[in-house]
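For the sequence shown, full-length UniProt numbering assigns the number 1 to the initial residue and increments by one for each residue that follows.
Ideal Cβ placement from N, Cα and C applies to all residues, glycine included.
Report on the structure given below.
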Amino acid sequence: MRFKKLSEFNFSDFAPSYDASKVFYARIDPDIYSSDELLKSLYYILWFPGYFGFNWNALHDCLGDFGWISCRKVVLVHESLPKLPEMELKIYLEVLRDSVLNWSNKEEHEFEVFFRSVDRSEVARILGDWNLRDGGT
1 MRFKKLSEFN
11 FSDFAPSYDA
21 SKVFYARIDP
31 DIYSSDELLK
41 SLYYILWFPG
51 YFGFNWNALH
61 DCLGDFGWIS
71 CRKVVLVHES
81 LPKLPEMELK
91 IYLEVLRDSV
101 LNWSNKEEHE
111 FEVFFRSVDR
121 SEVARILGDW
131 NLRDGGT
């Protein structure tokens, strides 16, 4: 019997729906073309604190805290991959992956990240994750 390894990310053809009173739901604008735009968007949609530094390290720090969000579950949905240079996109995906893993063993919050199903192979290629590319083994 074969089991599929679940990746840190969720891939779906449809945006998930949740009870807004129980889940903090944020959607990334599909028309993001720079890391500056992405970081500004994340600052607003995830209600980052005023001290957010608008860089990858600051993103990592804020995604590892969520102390200002009262809902236990935080969901970040991408309608498409941000249109960033590949190296910047890789950094972004690594920060997201590390943040999901960081929250996986904690009680205070649960962090889920969604991408479209059609983006699965591109995310896998960028991260070099063959289990993710193949849908698991």
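Contact check, LEU39 vs ALA58, beta carbons under 9 Å: Counting from one through the sequence shown, the residue named residue 39 turns up at place 39. Counting from one through the sequence shown, the residue named residue 58 turns up at place 58. Yes, Cβ-Cβ distance for LEU39 and ALA58 is below 9 Å.
Nearest candidate by alpha-carbon position, reference GLY128, set LYS106, GLU94 and GLU37: Taking the first residue of the sequence shown as 1, we reach residue 128 at position 128. The candidate whose alpha carbon is nearest that of GLY128 is GLU94.
Reduced DSSP secondary structure (H/G/I, E/B, other) of HIS109: Your numbering for residue 109 matches position 109 in the sequence shown. The three-state secondary structure of HIS109, taken from DSSP, is coil.
Cutoff 7 Å; reference ILE126; Cβ partners in own chain excluding five residues on either side: Indexing the sequence shown from 1 puts residue 126 at position 126. Cβ within range, chain order: GLU86, LEU89, LYS90 and LEU93.
Runs of alpha helix (DSSP H) lying entirely within the segment 44-91, each at least 4 residues, in chain order: Within the segment 44-91, the complete alpha helix (DSSP H) runs of at least 4 residues are 56-63.
Cβ-Cβ distance between TYR25 and VAL77 below 9 Å: Locating residue 25 in the sequence shown gives position 25, counting from the first residue. Locating residue 77 in the sequence shown gives position 77, counting from the first residue. Yes, Cβ-Cβ distance for TYR25 and VAL77 is below 9 Å.
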